[in-house]
Structure formats: structure tokens, C-alpha cells
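Just so we're aligned, residue 1 is where the sequence shown starts under UniProt numbering, counting upward by one. The structure appears right after this line, and notes come after that.
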Amino acid sequence: MRVGVEVGGTFTDLVAIGEDGRLKVAKVPSTPSRPDEGALAAIEAAGLDLSQVDDLVHGSTVATNAILERKGARVMLVTTEGMRDILFLQRHNRRRIYDLAYAKPEPVVRRRDVVEAPERIGADGKVATPLDLESTMERIAERMAEDDGYGAVAICLLNAYVDPAHEQQLADAIRARFQQLKVTCSSDVCREFREYERASTTALAAYVQPVIDAYLGRFSEALAARGHRGRFSVMQSNGGRLPAAGMAKSAITALFSGPAAGVVGAARQAGRSGIGNIITFDMGGTSTDVCLVRDGQPDLAPSTEIDGLPVKTPVIDIATVGAGGGSVVWIDDGGLLRVGPESAGAEPGPACYGRGGTTPTITDCHLVRGTIRAETFLGGDMMLDRDAAASALKPVAERLGLSLTEAADAAIRVAEANIVRAIQRISTERGHDPRDFALAPFGGAGPMLACRVAEDLGIATVVVPPAAGVLSAYGLLASDFVHFESVTRQTRLSADAMDEIRATIDEVSAAAAKQLKELGLGGPIETRISLDMRYVGQAFEIAVDLPGEGRGIDAETIGRLFAEAHHRVFEFDKAGGAAIEIVAFRARAAASPGAPPELEGDAGGAEPATVTLFERGTEQQAACGPRPAAGSTLAGPALIEDGTSTILLASGWSGAVDGANNLILKRG
């Protein structure tokens, strides 16, 4: 049996698929203070015998929460003498230019916790000042004597991306003398230039490493105590997983594992229907995540941010907006109806959950307007309180001068508008026409808004996977083992430089594959190469994917691919008229854990009925029932309940289940 367990902000989802292809799902409330308890509760709810589980994959928000809640380890930063304030100077841009009280993001390292090391390696790799190891260790020992609360050390020396020798010498000395400390080197985490981004990434990696180690150790012990002897893997932000042991140096890659898993699951399942170009739409309890997938592969971004702090590691390019099922509905000072970003979360949750929540949320609005039925929520395992939802929404409706159903419908339309804007950011604003893609909604709330979001974007096809409410957990099982390696080598693109370019491609490819082999992952390893490129004189780069494994390519082809990518993003290029340079080389090594299990079968459903719902300003009578059988068709308006989510087939839309068990919705 293969099992995926994904801990979300509101619910913890589980998908288990046995050798016979039978599907088991579970969806239980998350426990934010102890995420592992929610994961174990999902395993128990599914009635699994862990001794029969060969492959267990886990995704959680532990690393994310540690940073957002500032509950990571106390970190000492060791940097080159003269660079003490790198984390505090940051960049000169203001994120909110009209905010007179604007303050830069707060680093996770205090200024007094920065130790300067006498050393300097030049940008050309030559040693300008040898490392004074003895003096540096004395300074570290003095800080340790003054404060024994340190749990980790981050080492980020100037130009270590060119030559990491000084970092490695220092790391070996610290590990030998202070064995209780976790040591993180920038050359292991981010071997790329731009000093502030590299220092921030290294500090954050050190900050969350002890937290991830403790969490995975505790969870592994709990699994072992329940009989698990199989493989245990952890999802990463880049869309791949690693064995739990591999996270010893890669905790920072687990920041956004849940959203990444959902994208992988949607891409895999849509691909079974022959649909490679999709926009994923993951609406859970706390937020909505959207991502563009081309030819079955999600777009990757070379960096991201968390709490305003840069993280320079490859991540699936996901845009997030505060429009989840638990997002709070409120009225601002100008009298405008707003949704999110504040969320009721898992505790207490929406008012209709009956756990003490009193603020109206999108889930409450769905219940009030009739697009969720109280008695069939989560397949009937959780009864909702419509009176509590109505009571919470009443003050909003009265202030707007609307009926309860009108106010609920208006709030949902605001949420839809927020989601449309997020999708435009990852499609239209980056040179992609959303009409060329299908919309793939999942999460507990995504399929309820999918038809109307698609309409607003001009999208004619919606692909709803089976068990859409737990698709992120399925994505864990569908993911490959993945490791990225990168290196900054500024190289002018020319025919004469191709030998050097090919040698660097071979170097990063071998380094990425080596990491997977050292983790005991056998079988064929596939590598893909992308280059961060720009016209000489530009300040920022764009990623250019090379075909195949990047071998045997020539300068003319690389230049053409760059010009096409540049034109798509900026709507112009300088083909043949300007010098081009490669700034960084990045290799993705992937090893397959075996063919991904097929997501088949019905996750449950309700008896056919007729319901009254209020949607887009009109009251409608809609058929309501379980997911239809393959080959059958139906027309909207209709509610389809599959046990993990409710699908709203809006008026003007029709739907049919295809051979891959995907529900294909068509407009018109």
C-alpha cells in the first residue's frame, strides 16, 4: 500500500492506494500546534495497518509555521568580516511606497548573534585574505559562553558560491567543537550570487533545520511504534520528494510542500485525460493556490519569499491569495465587502463547524446560499450548523442592506474575483493566454467556484479529478524523488564558450544525480537543465529550459530559446543585436519511485435529491447527487458530491466523466 498524508491549515488529508487499486481517503481537522497528531489521526481514521504500508509520503506546514510564528531555533550567523549587517541592510526597495511607517522585514537572526570571520575570497575565486580559523572559533566560543541558547549556526561567507573551501573548513571546526549545533553552509543551500538573498536563504535554512529534524524524528518514531517499516519520504516545494534522511540538509525546501503536491497531482491526473496545459486551482480552508502547467510540467521559479524574506531555492511557481473556505468575510472602513486574508483556520474554524467560531467565512456563505448541504459535508462525517452560519453572516447582510442569501452570494463573488486576479498574475501578466488552458480545481472548496472563475477568464474547459478534496495527498504519491543543484558562473554566450558551458552543465548534472545516489535511490536518474540568462547590462535574469538533458546543444539554439523566453515575458527581444550571458546553471535530477498509482473509483457520494440554491443573483432548482458514472452526462445547474468536495456545475455548463475518471465540464 502507498499512502500520502498532507497537513493543511484547516484539514489533514490522506490518500491510500493498495495493490488492488482500491482507494481509501480520510479528511480530519488539523491540529496546528501538533501537526503530527493530525497526520496520525488521519491514519487512524482510514483504519490503516502501517505494517502493510510500503511507501508513506508526508507534506506539512511545519517549516512554514516555524518562520511565520518565529518558533525556529536560535541562530548564530558567521559571515565575512565587514559584512555583519547584510541581513539588516537588505535591499533598498520599499514594498509599500505610501506607508509612512513602513519597516523592512525582520530577519530571523539578531544583530548581536552575527560573528565576523577574518577571510575573503574574491569574485574570481582567488584568496584575498586567508581564513583565520583560530580567531573565528574564539569569537564563536565567546558568543556561546555568553548565550547557551543557540541551536544552529548559519555560515555565509562572501563569494563562497565561487569557492566553498573556507565555509567547509569553518563548518568542520564548529561541528567538532560544538556537536550540539546544527551547521548550515550557504554553499550547500544556495551556491549562487547576490549576497543578501544567499545569506537570507542560509539563515532561514538554519532556523528551521532543528525544527524539521525534531518533527520528523518524532513522527518517524510514532510510525515505527505503529508497525511501519517501509519508506518514509517528505515533499518539497519544488514538486519532488526526498527520503526523510535527505532532509538533514534540505529543510528549507519543505516550505510549501502541500501546495506543490497538489500541482503535481493535478498535472498527473489531467495528463491521463490527455490534457497537458492546465491552470491548477487549489482552494482549501485557509487560502487559494494557483499555478500554470505547460505540457504536463509546472512552471518553476528560482526563488520565493516568506514573511517578506527571500528564499533562493527552486519552487513551483505558485501564486497564493487569501480566499479559502475559512477566509473571513468582513466590511472595510469604506463600506466595501471584503474576503480574507484573515482566516478562521482549523481552530475554531467557520461558525458552521460549531467549535466556537463567530465570524462569517466563505464556508458559512456556501451553506447559507445552498451550495453546501449540512448533512452531506465530508460525506456525512461532519454535520454543519446552518443557523450558526446565518447568525454569523447576519451583521454583514444588515450593514449591506441585503438578504442573507444575497450577502452570501456577494461574498463568494468577491472571492471569485480575488482568485481570477491571482490566475491573471501567473498567466496573462507572464505572456500566457488563460483561454489556451483548462482549469483544474481541487481542494475542498475549489470545485464549487471553478465554473464561474473559468467563465470570468474565458476558459471553456474545467477538469475536476476524482477525490478532488484530497488531491494534494494524492500528489505526494505521484511525485518523483527530486534534487536541485545550481552554481553561478557568469559566461558570455558564444560558440567559443560552448566547451566551458557544456562542462558546467555536466558538473551540475553530476552533482545533482550524486545526491540522489547517496540517498540510496537506485534506478535511472533523469536530469534537466535550466539556465538563468539575461542580456549583458540587465539586472535580472529569466530561466531558460534546455531540451533533453542539455547535452549536444549549440550557442545558436540557446540564444534562440532565450530570445523566445525574453519576448514572452517582456514582449521584446534583441535577437542578434545584443550580447547574452548565462548567469547561473541549474540541474534537476529526478528518480521515479515507480509508476504513480491511478486515481480511480468514487470517494463516496450522496443520494440523488433536488436542492434550492442562490447563485449569481438568482434562486435556482438544482439536481444533487453523487459523481456520475463514466460515460454519462449532465447539465447545470447541479451539485455533485463525491465525499471530499462538492462540485457546482453552474447553469450554462455541462459535464461528463471520461475514461480517466475525470469530470470534464464544458461551457455552453
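C-beta atoms are modelled at their ideal positions from N, C-alpha and C, and glycine is treated no differently. What you are looking at is a predicted structure, and each value in this text was computed from that prediction instead of being measured.
query	result
Contact under 8 Å by Cβ, R534 with V583	yes
Cβ-Cβ separation, V183 to I174 (assumed contact under 8 Å), whole Å	5 Å
Same chain only: Cβ atoms within 7 Å of A261, ignoring 5 sequence neighbours per side	E6, G59, M235, S472, G475, L476, S479
Beta carbon of D307 nearer than 8 Å to that of L77	no
E347, DSSP secondary structure in three states	coil
Beta-carbon gap between V536 and A495 smaller than 8 Å	no
Contact the region 246-255 vs the region 311-328: 3+ CB pairs below 8 Å	yes
Residues near I212 by beta carbon distance below 7 Å, same chain, minus five either side	V62, A63, M247, A251, A254
Counted within 10 angstroms of its Cβ, other Cβ atoms place A214 as buried (16 or more) or exposed	exposed
Residue 669 classed as buried or exposed, judged by whether at least 16 other C-beta atoms fall within 10 angstroms	With the chain running from 1 to 668 in the structure shown, residue 669 is simply not present.
Cβ neighbours of E37 in the same chain (closer than 8 Å, five flanking residues each side left out)	T31
C-beta contact flag for H483 and L242 at 8 Å	yes
Nearest candidate by alpha-carbon position, reference R294, set M283, G274, T136	G274
C-beta atoms of V328 and G340 nearer than 8 Å	yes
Distance between beta carbons of F437 and I279, contact taken as under 8 Å	5 Å
Residue of G380, V470, I318 minimising C-alpha distance to R430	I318
8 Å contact criterion, which R386 and L613 should meet: CB distance rounded	That belief does not hold up - the Cβ atoms of R386 and L613 are roughly 13 Å apart, past 8 Å.
Beta-carbon spacing of V15, G8 below 8 Å	no
C-beta atoms of A117 and T136 nearer than 8 Å	yes
CB contact flag (G617, D409, <8 Å)	yes
Spatial distance of D55 from P597 (CA atoms)	12 Å
8 Å Cβ cutoff met for T79 and A152	no
Classification of E157 by the beta-carbon crowding that lies within 10 angstroms, buried from 16 upward	Looking at the sequence shown, residue 157 is not Glu but Leu. With 16 or more Cβ atoms within 10 Å of its Cβ, L157 is classed as buried.
7 Å Cβ shell around A388 - same chain, five flanking residues per side excluded	A351, C352, G354
Nearest neighbour of A460, chosen from G125, A450, D99 [CA to CA]	A450
At least three beta-carbon pairs within less than 8 Å, the region 176-192 to the region 101-118	no
Inter-residue Cα distance where the pair is I331 and T371	23 Å
Helix, strand or coil at K394 [DSSP, three-state]	helix
Spatial neighbours of residue 733 in its chain, beta-carbon cut-off 6 Å, leaving aside the 5 residues before and after	Lying before the first or after the last residue shown, residue 733 is absent from the chain, which here runs from 1 to 668.
Enclosing alpha helix (DSSP H) for I501 [first to last residue]	498-518
Under 8 Å between C-beta atoms of G240 and F481	yes
Counted within 10 angstroms of its Cβ, other Cβ atoms place G72 as buried (16 or more) or exposed	buried
Inside the region 39-101 only - alpha helix (DSSP H) runs reaching at least 4 residues	62-68, 86-89
Extent of the continuous alpha helix (DSSP H) run through R452	446-457
Three-state secondary structure (DSSP) of I553	coil
T618 - partner residues in DSSP beta bridges	E615
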